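Going down the list, the protein sequences come from chains A and B. Each residue of the first sequence is one higher than the one before, counting from 1 in the UniProt record's numbering. Each residue of the second sequence is one higher than the one before, counting from 1 in the UniProt record's numbering.
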Amino acid sequence: MAARLRAIAPAVLAAAVLATLVLGTLAAVAWRAGGLSGLRGTDLSAIRFTLWQAALSALISCVLAIPVARALHRRRFAGRGVLISLLGAPFILPVIVAVFGLIAVFGRRGIVNVALGHFGIEPLSIYGAQGVITAHVFFNLPLATRMILHGWQAIPSERFRLAATLGFGPAQVARQLEAPMLRAVLPGAFLAIFLVCLTSFAVALTLGGGPRATTVELAIYQAFRFDFDMGRAASLALVQVAISVTALLIAAKVSLPARFGAGHDRLAQPIAQLSGGGGRVGLDALAIALATAFLLTPICAVLLRGLPAIPTLPAMIWPATLTSLWVAAASVLVTLAVALPLALAATRHRWAEIAAMLPMTASALVMGTGAFLIAQPFVNPTSLALPMVLLTNAALSVPFATRILMPEIRTLQADYDRLAAALGLRGLARLRLLTLPRLARPLGFSAGLAAAFSMGDLGVITLFSDGQTRTLPLALFQLMGSYRMDQAAGAASVLLILTFALFFALDRLGHHADPR
Amino acid sequence: MLTLDKLTIQQDDFRLEADFSIAAGSRVAIIGPSGAGKSTLLSVIAGFLAPTQGHLIWEGTEFTRTDPGARPLSILFQDQNLFPHLSVTRNLALGLNPRGKIDAPDRTRIETALIRAGLEGMGARKPGQLSGGQQSRAALARTLLRARPILLLDEPFAALGPALKAEMLALVAQIAREQGMTVLMVSHDPDDARALCPQTILLAEGRAHPPRDTHALLDDPPPELKAYLG
């Protein structure tokens, strides 16, 4: 019994840390809010906008992803594998870098408006609701494409072969095989994106604002920073949590698995008769080309303008870069120290998995507001800026790390639990000789994600910073605020390169450390 | 003497009773139809599963509630007997010390065990670089280092071809004789029982029968065994 308690103690500790961070800050918020009486009329429109933009962003992302995923599934071309890998990139791309890139492409003096100007067309604006939604689609179209492509690949190749022998063409394939798959996959994809967009802050901060494009998260920030109305900020934080929890509960019920039965292999080569030729090839090529351009142009625009500007960056960028790097390193350590014990316990104890998923109910701004309220009577909250950035980012990374680790841990336990028990291998020796070596790959991948999330964070830092304590994204935000666009592009390039370098280095390290 | 004292294992509608002793140094096979609970019985003795009732006793000391690693026994599974990411030497070191630390005398003992198992000079290899037979030999070498008095074999060597399997069974018999080990082997192959074990326990209809002479039992099987042997 004592041994069993010792084995579970790290997970209990990790759960307690997370619960304190998520529920403790929530309790502080609830206590300070004293109900929802602090809300104003404009806050109701913030709630409406939050739900509306999240729904519209999710809908547009999913609808646009269908032709792209179908084209990627039924065509083979050079660079297809690279393109599918690239679809994962926006997931770790710092939001502020993407926003900068989108402004470079769709902004008043951006590529698109310059082109439209030649035809005498009025310029489009990237600011306001359409800007927020464009940015959300930029981030989530790749996510939706990957989820839907996964659905396509999950249709057993036997079904396609059967369809071919029955003389199906593309239209019948769409009706008999693809429509049922989409019905199964789309609700889950829609909800996943809807959830992400509900807690959108940095996009709304940079592209939104005003009465018609303020999210609840942004309203929390404004009540906090500009009105110093902590009661209202707390009420808004409660609203944010209520929205997230409701959406999570709905998501838990809806995401149905596709029911296609088991198949043995995937289709190595698409069958021409089912994929269609001629016009359909052209449409598929167009879908892929447009999606690729939409994703790559903003990133290229940042680098093209930013790389030459790096030597001209103001001196304050470099201390901010160092700060971001050490916060990211610490965030990686905290993420793994919390996620690994929870994931190890979660295969046997439901409570550990629930604890690991707890941060999904919170958001950076909610945790930040709560921590500020708790700290305020005792210390100058500004001194907590970096520790809070570290902790909130680690907490928000834990659900991802746990989800990545759990399947590998199940395999590990099924394969080696009995042997380890028979040899009396346990505690630190088991961690060193069995757990860490066998989990090197998922640990490296989780570490890479945690580092990237922390590097790109522009959330809690904006609440706590006095303008002097800076991370790299905050420094970039300040440069954009003072319209030093070349320098901002340079800072965005530095942030972009460092974030991707950290992710790849940690992911590679995991592969390298894997003794298999 | 290993005693299974009024042992009962109950899982939903599966039930198995065992109440017998086997002498120290004997080699006993456990055979019976699939689903009779052969591996379940071994799991209980090894400590992966707690019995519903009864006691396990070795030489007067009860070990019913002892952790698997602290029981007076070693076990060889059908597969997954070695950690694939550790070298053979590191795998064997875990038989000496579950913390995995090795000093110079340990190295000598590991090398001696490798020689004994016919794996001289292969300590630096990873299990994936060994053949199936060599992997079985490495696992057997580890039981030599653990030096526990009882050896449990759960359908061992089942993945090996007939010739290799016979060779391994002979090696087990030889080592067991030299070390004075008590061997309990689960197998679905009556020939394994004949090759290694003078005595056999028949598991059928929810009961483990006390050990009998293997040849007598197999040559004149009771009806429940006859149906299984065909």
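Where is the CB? At the ideal position from N, CA and C, for every residue including glycine. Computed from a predicted structure; not experimentally measured.
Original post:
Taking buried to mean at least 16 other C-beta atoms within 10 Å of its own C-beta, is A:Y221 buried or exposed?
Top reply: Position 221 of the first sequence, counted from the start, is the residue given in the question as residue 221 of chain A. Buried, by the Cβ-count rule.
Subject >> Same chain, Cβ closer than 7 Å to B:P211, five either side skipped, listed in chain order >> reply: In the second sequence, counting from the first residue as 1, residue 211 of chain B sits at position 211. Cβ neighbours of B:P211 beyond the five flanking positions: F20, I22, V28, Q199, T200 and I201.
Original post:
Since A:A15 meets chain B, which of its residues come closer than 9 Å, beta carbon to beta carbon?
Top reply: The residue labelled residue 15 of chain A in the question sits at position 15 within the first sequence. Correct list: empty, because the minimum Cβ distance to chain B is about 25 Å.
Original post:
In chain A, which residues lie with their C-beta within 8 Å of the C-beta of B:P98?
Top reply: Taking the first residue of the second sequence as position 1, residue 98 of chain B is located at position 98. In chain order: L423, G424, L425, R426 and A429.
Subject >> For A:V239, the nearest candidate out of A:L26, A:C300, A:A343 and A:L72 (CA to CA) >> reply: Reading the first sequence from its first residue, position 239 is the one you call residue 239 of chain A. Of the candidates A:L26, A:C300, A:A343 and A:L72, the one whose C-alpha sits nearest the C-alpha of A:V239 is A:L26.
Original post:
I think A:P298 touches A:G101, with their Cβ atoms under 8 Å apart; what is that distance to the nearest whole Å?
Top reply: For this step, residue 298 of chain A is matched to residue 298 along the first sequence. For this step, residue 101 of chain A is matched to residue 101 along the first sequence. The Cβ separation is near 3 Å, so the contact holds.
**OP:** Give the C-beta separation of A:A371 and A:A356 to the nearest angstrom, bearing in mind that I take them to be a contact with Cβ-Cβ under 8 Å.
**Re:** For the purposes of this step, residue 371 of chain A is taken as residue 371 along the first sequence, with counting starting at 1. For the purposes of this step, residue 356 of chain A is taken as residue 356 along the first sequence, with counting starting at 1. With 8 Å as the limit, A:A371 and A:A356 do not qualify as a contact, their Cβ atoms being about 20 Å apart.
**OP:** Taking only runs that begin and end inside the segment 331-372 of chain A, name each unbroken alpha helix (DSSP H) of 4 or more residues, in chain order.
**Re:** 350-357
Original post:
Would you report the Cα separation of B:G161 and A:R508, rounded to the nearest angstrom?
Top reply: Within the second sequence, the letter at position 161 stands for residue 161 of chain B. Within the first sequence, the letter at position 508 stands for residue 508 of chain A. Straight-line Cα distance between these residues: approximately 40 Å.
Subject >> Burial state of A:L396 (16 or more Cβ within 10 Å) >> reply: In the first sequence, counting from the first residue as 1, residue 396 of chain A sits at position 396. So A:L396 ends up on the buried side.
Original post:
Should B:M1 go down as buried or exposed, given a rule of 16 or more other Cβ atoms within 10 Å for buried?
Top reply: On the second sequence, position 1 is the one that residue 1 of chain B refers to. Label assigned to B:M1: exposed.
**OP:** Give, in chain order, every residue of the segment 385-406 of chain A whose Cβ lies closer than 7 Å to some Cβ of chain B.
**Re:** none
Subject >> Three-state secondary structure assigned by DSSP to A:G261 >> reply: Numbered from its first residue, the first sequence carries residue 261 of chain A at position 261. In this prediction, A:G261 has a pLDDT of 45, which is less than 50 and means its spatial position is unreliable; nothing more can be read from the coordinates.
**OP:** Under 8 Å Cβ to Cβ from B:A193, same chain only, skipping five residues before and after it: list those, please.
**Re:** The count along the second sequence starts at 1 and reaches residue 193 of chain B at position 193. These residues qualify, in order along the chain: A29, I31, M185, S187, T200, T214 and L218.
Original post:
Exposed or buried, which one is A:L286 when buried takes at least 16 other CB atoms within 10 Å?
Top reply: Locating residue 286 of chain A in the first sequence gives position 286, counting from the first residue. Its Cβ having fewer than 16 others within 10 Å, A:L286 is exposed.
**OP:** Would you mind stating whether A:G131 and A:P123 have Cβ atoms separated by less than 8 Å?
**Re:** As a working mapping, residue 131 of chain A is identified with position 131 in the first sequence. As a working mapping, residue 123 of chain A is identified with position 123 in the first sequence. In this structure, A:P123 does not lie closer than 8 Å to A:G131 by Cβ.
**OP:** Write down the C-beta distance between A:V338 and A:V17 rounded to the nearest angstrom, noting that I regard them as a contact closer than 8 Å.
**Re:** Working through the first sequence from its first residue, we reach residue 338 of chain A at position 338. Working through the first sequence from its first residue, we reach residue 17 of chain A at position 17. Contact flag correct, Cβ pair sits at about 6 Å.
**OP:** Could you please give the first and the last residue of the uninterrupted beta strand (DSSP E) stretch that includes B:V28?
**Re:** Start at 1 with the first residue of the second sequence, and residue 28 of chain B comes out as number 28. B:V28 -> beta strand (DSSP E) spans R27 to I31.
**OP:** Look up B:G54 in the DSSP assignment and say whether it is helix, strand or coil.
**Re:** Sequence index remark: in the second sequence, residue 54 of chain B carries index 54 (1-based). In this structure, B:G54 counts as strand in the three-state DSSP scheme.
**OP:** Kindly indicate the opening and closing residues of the alpha helix (DSSP H) around B:E167.
**Re:** Locating residue 167 of chain B in the second sequence gives position 167, where the first residue counts as 1. Element bounds for B:E167: P162 to Q179.
Original post:
Are the segment 56-75 of chain A and the segment 465-484 of chain A in contact at 8 Å, needing three or more beta carbon pairs?
Top reply: no
Original post:
Once you ignore the five residues that flank A:L256 on each side, which residues in its own chain have a CB closer than 8 Å to its CB?
Top reply: Numbered from its first residue, the first sequence carries residue 256 of chain A at position 256. Note on A:L256: pLDDT 47, under 50, position unreliable in the model; the coordinate value appears next. If we look at A:L256 and ignore the five residues flanking it on each side, its Cβ neighbours are A184, P187 and G188.
**OP:** Taking the CB atoms as reference points, tell me whether A:R470 and A:M316 lie closer together than 8 Å.
**Re:** To locate residue 470 of chain A, count along the first sequence from 1; it is residue 470. To locate residue 316 of chain A, count along the first sequence from 1; it is residue 316. Yes, these two residues count as a Cβ contact at 8 Å.
**OP:** Find out if the Cβ-Cβ distance for the pair A:A237, A:T369 is shorter than 8 Å.
**Re:** Locating residue 237 of chain A in the first sequence gives position 237, where the first residue counts as 1. Locating residue 369 of chain A in the first sequence gives position 369, where the first residue counts as 1. Yes. Within cutoff.
Original post:
Closest by CA to B:T40, which one among B:T64, B:G100, B:Q10 and B:I57?
Top reply: By 1-based counting over the second sequence, the position of residue 40 of chain B is 40. Looking at the Cα atoms, B:Q10 is the closest of the given residues.
Original post:
Is the CB-CB distance between B:Q78 and B:A159 below 8 Å?
Top reply: For the purposes of this step, residue 78 of chain B is taken as the residue at position 78 of the second sequence. For the purposes of this step, residue 159 of chain B is taken as the residue at position 159 of the second sequence. Yes, these two residues count as a Cβ contact at 8 Å.
Original post:
Going by alpha carbons, who is nearest to A:R6 out of A:R426, A:P270 and A:F378?
Top reply: Here residue 6 of chain A corresponds to residue number 6 of the first sequence, with the count starting at 1. Taking only the C-alpha atoms, the option nearest A:R6 is A:R426.
Original post:
Shorter than 8 Å from the beta carbon of B:F77 to some beta carbon of chain A?
Top reply: For the purposes of this step, residue 77 of chain B is taken as residue 77 along the second sequence, with counting starting at 1. So, interface residue.
Original post:
Taking the alpha-carbon positions, what's the A:A258 to A:A144 distance?
Top reply: Locating residue 258 of chain A in the first sequence gives position 258, counting from the first residue. Locating residue 144 of chain A in the first sequence gives position 144, counting from the first residue. In this prediction, A:A258 scores a pLDDT of 42, lower than 50, which makes its location untrustworthy; the coordinate-derived value is nonetheless stated afterwards. Spanning the two alpha carbons is a distance of roughly 16 Å.
**OP:** Using three-state DSSP, classify B:Q78 as helix, strand or coil.
**Re:** As a first step, residue 78 of chain B is located in the second sequence; it is residue number 78 there, counting from the start. In this structure, B:Q78 counts as coil in the three-state DSSP scheme.
**OP:** Determine the DSSP secondary structure at B:A6, reduced to helix, strand or coil.
**Re:** Position 6 of the second sequence, counting from 1, holds the residue named residue 6 of chain B. According to the sequence displayed, residue 6 of chain B carries Lys and not Ala. Three-state DSSP puts B:K6 in a strand.
**OP:** Express the C-alpha separation of A:L373 and A:F228 in angstroms, rounding to a whole number.
**Re:** Translated into positions along the first sequence, residue 228 of chain A becomes position 228. Translated into positions along the first sequence, residue 373 of chain A becomes position 373. About 12 Å.
Subject >> Paired residues, beta bridge with B:P14 - DSSP >> reply: Along the second sequence, one-based indexing puts residue 14 of chain B at 14. The sequence given here places Phe at residue 14 of chain B; Pro does not occur at that position. B:Q11, per the DSSP bridge assignment.
Subject >> Test: A:R438 CB closer than 8 Å to a CB of chain B >> reply: On the first sequence, position 438 is the one that residue 438 of chain A refers to. Yes - at least one Cβ of chain B is within 8 Å of the one on A:R438.
Subject >> DSSP-derived helix/strand/coil call for A:Q130 >> reply: Within the first sequence, residue 130 of chain A is the residue found at index 130, counting from 1. It is helical.
Original post:
Assuming A:A452 contacts A:L502 under a Cβ cut-off of 8 Å, what Cβ separation, rounded to an integer in Å, is found between them?
Top reply: Start at 1 with the first residue of the first sequence, and residue 452 of chain A comes out as number 452. Start at 1 with the first residue of the first sequence, and residue 502 of chain A comes out as number 502. Yes, A:A452 and A:L502 are in contact; Cβ-Cβ is about 6 Å, under 8 Å.
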